[in-house]
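To start, the structure under review is shown below, and the notes come after it.
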Amino acid sequence: MKIEIENLNFNYNEKNIFENLNLKFKKGNLNGILGPNGCGKTTLLKAIIKLLKINNQSIYHDSVDINKLDNSIIAKNIAYVEQSSIQMPKIKTIDYIKLSRYSYDDFYHINNKVVNDTIKLLKIDKLKDKYISELSGGELQKVIIARALSQETKIIILDEPNANLDPLHQLEIMNLLKFLVKEKKITIITTLHDINLALSYCDQVLLIKDKPITYGETLKTITKENVKKYFNLNSSFIENPFTKRPYIILHQEKN
Amino acid sequence: MNFRINKASIFIITSIILGVFTIFLSISKGSVKIPFNEVINILLHNENVQNSHKFIIINLRIPRTISAIMVGMSLSLCGAIFQTLFKNPLTEPYLLGISSGAALGVTIASVFNLFVFVNGIWGTFAFSFIFALLSAFIIFTLAGKNKSSLLILLLSGLAINFFFSALNSLLLYFNRDKLQNIIFWQMGSFTLSSYEKILYTSPIMIILIIILLSKSKELDVLLLSEDTAKSIGVNVKKQRIFILIITTLLTSICVGIAGTIGFIGLIIPHIVKLIFPLKHRIILPLSLYLGAIFTLFCDVIARLLITNTEIPIGIITALFGAPFFIYVLKKAKANIL
Numbered sequence: 451m452k453i454e455i456e457n458l459n460f461n462y463n464e465k466n467i468f469e470n471l472n473l474k475f476k477k478g479n480l481n482g483i484l485g486p487n488g489c490g491k492t493t494l495l496k497a498i499i500k501l502l503k504i505n506n507q508s509i510y511h512d513s514v515d516i517n518k519l520d521n522s523i524i525a526k527n528i529a530y531v532e533q534s535s536i537q538m539p540k541i542k543t544i545d546y547i548k549l550s551r552y553s554y555d556d557f558y559h560i561n562n563k564v565v566n567d568t569i570k571l572l573k574i575d576k577l578k579d580k581y582i583s584e585l586s587g588g589e590l591q592k593v594i595i596a597r598a599l600s601q602e603t604k605i606i607i608l609d610e611p612n613a614n615l616d617p618l619h620q621l622e623i624m625n626l627l628k629f630l631v632k633e634k635k636i637t638i639i640t641t642l643h644d645i646n647l648a649l650s651y652c653d654q655v656l657l658i659k660d661k662p663i664t665y666g667e668t669l670k671t672i673t674k675e676n677v678k679k680y681f682n683l684n685s686s687f688i689e690n691p692f693t694k695r696p697y698i699i700l701h702q703e704k705n
Numbered sequence: 193m194n195f196r197i198n199k200a201s202i203f204i205i206t207s208i209i210l211g212v213f214t215i216f217l218s219i220s221k222g223s224v225k226i227p228f229n230e231v232i233n234i235l236l237h238n239e240n241v242q243n244s245h246k247f248i249i250i251n252l253r254i255p256r257t258i259s260a261i262m263v264g265m266s267l268s269l270c271g272a273i274f275q276t277l278f279k280n281p282l283t284e285p286y287l288l289g290i291s292s293g294a295a296l297g298v299t300i301a302s303v304f305n306l307f308v309f310v311n312g313i314w315g316t317f318a319f320s321f322i323f324a325l326l327s328a329f330i331i332f333t334l335a336g337k338n339k340s341s342l343l344i345l346l347l348s349g350l351a352i353n354f355f356f357s358a359l360n361s362l363l364l365y366f367n368r369d370k371l372q373n374i375i376f377w378q379m380g381s382f383t384l385s386s387y388e389k390i391l392y393t394s395p396i397m398i399i400l401i402i403i404l405l406s407k408s409k410e411l412d413v414l415l416l417s418e419d420t421a422k423s424i425g426v427n428v429k430k431q432r433i434f435i436l437i438i439t440t441l442l443t444s445i446c447v448g449i450a451g452t453i454g455f456i457g458l459i460i461p462h463i464v465k466l467i468f469p470l471k472h473r474i475i476l477p478l479s480l481y482l483g484a485i486f487t488l489f490c491d492v493i494a495r496l497l498i499t500n501t502e503i504p505i506g507i508i509t510a511l512f513g514a515p516f517f518i519y520v521l522k523k524a525k526a527n528i529l
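Protein chains in written order, with my numbering: chain B, 451 to 705; chain Y, 193 to 529.
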């Protein structure tokens, strides 16, 4: 499955968020979306899985216009991990993960193989019988990713999976995403705030703010010029001694 | 884990015993005292029973018991479903104003004799459904804009309640000849139960209950945020509206049968959810069963509390329900608001 965006226009509150946006996400990669607050990152994600209605034909999944696809078909192709500030119902972790099977025939299977395999893969056996409300932020994010993973899709879209997590869990989640791309051949599209996480983990990044957008290989896209252009910050790069990848240091110019 | 299983099985065994006991209580107790062994004899179709006693049991108490079971099941189920639909622990048909909408419909039908035109009993139910639907959609639009706000939903329900009750009172004020009957019915009562009514309403109620039970899977997913539910593959809007209409229809039939009985849909699902995890395949059938028992029990109290006088059952359920409401509100404040 591939996602293509052709001439996407999107207005919100009379503000023109996207104008003639064209984009093809690379398959089997970890794609990061970066940009300042309010630039339309979440909007773009939601448009891709039809949570927002786009009137003109502009988003294609495998060359099929998204408006022609039923929710349950999209659900079998793309999973979505919402920003985690949302309320959670009083249900057990295992039951929560099982909800991912709604569009499949095995929803009511007591020992759901897909769900059990995912739990093993993410090593969250211990959380299985806990109530979701009892989980810590990092645990919860892993469980939400497990739910998305059990949807058995080729693409997973995440909206700031690192928000509100401590540094350890932020890295844990990024490593998990990297692992899924490598081992399960899943395409990941995630919004991020931390440019350094993008530098260390993402294969491709998309920079958005007004227009035009920039999409390309991470190291070629996150440059001094682009950081100035998209984030309005000065920057300097050093080498991350652990990953041997570039590490960015940001600086705001004083007026 | 073990503890939970034990708790669940104790719960189930207790409620089965309680169920049998309450049904028997409902059939044998009332303003006319009928001795225990005579009740048994009547139920077993034995000879040498007093004819008047036989009449009371067969033609009054048994239909009344069946009505209370049907209405109790339905109201409790509706409460459980509304709580999921609005993601709000403090909802049920009465508190949302849906019952008072239905009640207004019934009053309009009876004051203007409208049901005559639409084939007797159905006219009443049609009006009750239309007005219940009206309040349901007002609530739905209001809550739709402010999904997570417990307060908005409660206050909207309150406002609808006030408004429809005022219209109701206005109609009754100008039709004082019908006051006595309608007021007593409106406070909730099973006095007017008959086999005929049961025959007309029960099959529809059972069908609606089955439809709602078959939506367990959707309801499970609807507990999640709207975006997540959609991304899992549920057509959230379509499902919510469909379930809302069916639930409202069921509520309005209950109101047509027994008037506005509040709080059953609040108390029962809550007790069930305290003990069982929130899976609708478990919660809904248990709510049905316990709702029936609780309603029967309240009806028995309504008959027996004051000798020779019957109290509307709505008063009894409110006496249990209002304190319970406060208890849930206190608990909810911590994790809902």
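The C-beta atom is built at its ideal place from N, Cα and C for all residues, glycine as well.
Every value quoted in this text rests on a predicted model; they were computed, and no experiment measured them.
Tell me which residues share the same chain as residue i and place their Cβ nearer than 6 Å to its Cβ, disregarding the 5 neighbours each side in the sequence.
i                 : result
Trp377 of chain Y : Gly451
Tyr552 of chain B : none
Asp556 of chain B : Asn562
Ile234 of chain Y : Val241, Lys246 and Ile249
Tyr481 of chain Y : none
With residue i and residue j assumed to form a contact (beta carbons below 8 Å), what rounded beta-carbon distance in angstroms separates them?
i                 : j                 : result
Ala260 of chain Y : Leu400 of chain Y : Their Cβ separation, rounded to whole angstroms, is 18 Å, which puts Ala260 of chain Y and Leu400 of chain Y out of contact at 8 Å.
Val413 of chain Y : Leu549 of chain B : 5 Å
Lys491 of chain B : Ile658 of chain B : 6 Å
Ser522 of chain B : Thr568 of chain B : So it is not a contact: roughly 20 Å between Cβ atoms.
Leu458 of chain Y : Leu287 of chain Y : 7 Å
Pro281 of chain Y : Phe274 of chain Y : Contact doesn't hold; Cβ gap of about 10 Å is too wide.
Thr443 of chain Y : Ser291 of chain Y : 6 Å
Ile509 of chain B : Leu458 of chain B : 7 Å
Ile352 of chain Y : Gly289 of chain Y : 3 Å
Ala335 of chain Y : Gly293 of chain Y : Wrong, their Cβ atoms sit about 15 Å apart, outside the cutoff.
Ile492 of chain Y : Ser218 of chain Y : Correcting the residue identity first, residue 492 of chain Y is Val in this sequence and not Ile. Their Cβ separation, rounded to whole angstroms, is 5 Å, which keeps Val492 of chain Y and Ser218 of chain Y in contact under 8 Å.
Can you give me the Cβ contacts of residue i inside the same chain, cut-off strictly under 8 Å, excluding the 5 residues immediately before and after it?
i                 : result
Gln533 of chain B : Thr492, Asp609, Glu610 and Ala613
Gln620 of chain B : Asn612, Asp644 and Leu647
Ser381 of chain Y : Ala450, Gly451, Ala494, Glu502, Pro504, Ile505 and Gly506
Lys496 of chain B : Leu502
Gly588 of chain B : Leu615, Asp616, Leu618, His619, Glu622 and Ile623
Leu669 of chain B : Leu649, Arg695 and Pro696
Ile258 of chain Y : Ser385, Ile390 and Ser394
Is the CB-CB distance between residue i and residue j below 8 Å?
i                 : j                 : result
Leu683 of chain B : Gln702 of chain B : yes
Gly485 of chain B : Tyr680 of chain B : yes
Ile594 of chain B : Ile541 of chain B : no
Val447 of chain Y : Val298 of chain Y : yes
Ile396 of chain Y : Ile435 of chain Y : no
Thr693 of chain B : Gly478 of chain B : no
Ile475 of chain Y : Phe468 of chain Y : yes
Leu342 of chain Y : Ala514 of chain Y : no
Val631 of chain B : Leu480 of chain B : yes
Asn517 of chain B : Thr603 of chain B : no
Val741 of chain B : Ile639 of chain B : Missing from the structure shown is residue 741 of chain B; chain B here goes from 451 to 705 and no further.
Ser327 of chain Y : Phe356 of chain Y : yes
Asn472 of chain B : Ile455 of chain B : yes
Ala529 of chain B : Ser201 of chain Y : no
Ile453 of chain B : Phe475 of chain B : yes
Which residues in the same chain have their Cβ closer than 7 Å to the Cβ of residue i, if we skip the five residues on either side of it in sequence?
i                 : result
Ile456 of chain Y : Gly264, Leu267, Ser268, Gly271, Gly483, Phe486, Thr487 and Thr509
Ala421 of chain Y : Val413, Leu414 and Val428
Pro691 of chain B : none
Ile209 of chain Y : none
Name the DSSP bridge partner or partners of residue i?
i                 : result
Ser685 of chain B : B:Leu700
Thr664 of chain B : B:Leu657
Lys542 of chain B : B:Tyr581
Asn690 of chain B : Answer is none; Asn690 of chain B lacks a bridge partner.
Tyr530 of chain B : B:Ile607
Thr501 of chain Y : Y:Ile498
Lys474 of chain B : B:Glu454
Phe460 of chain B : B:Phe468
Asp515 of chain B : B:Tyr510
Beta strand (DSSP E) containing residue i: first to last residue?
i                 : result
Thr440 of chain B : The requested residue 440 of chain B is not part of the displayed model; chain B covers only 451 to 705.
Tyr510 of chain B : Ile509 to His511
Asn481 of chain B : Leu480 to Leu484
Counting along the chain, where does the alpha helix (DSSP H) carrying residue i start and finish?
i                 : result
Ala484 of chain Y : His472 to Leu496
Gly451 of chain Y : No alpha helix (DSSP H) holds Gly451 of chain Y; DSSP gives it neither H nor E.
Asn233 of chain Y : Phe228 to Leu235
Thr393 of chain Y : Tyr387 to Leu405
Ile560 of chain B : Run containing Ile560 of chain B: none; DSSP gives neither H nor E here.
Val593 of chain B : Gly587 to Leu599
Report whether the distance from the Cβ of residue i to the nearest heavy atom of the ligand GDP is below 7 Å.
i                 : result
Leu235 of chain Y : Only the bare structure without any ligand can be found here, which leaves the ligand GDP out of the picture.
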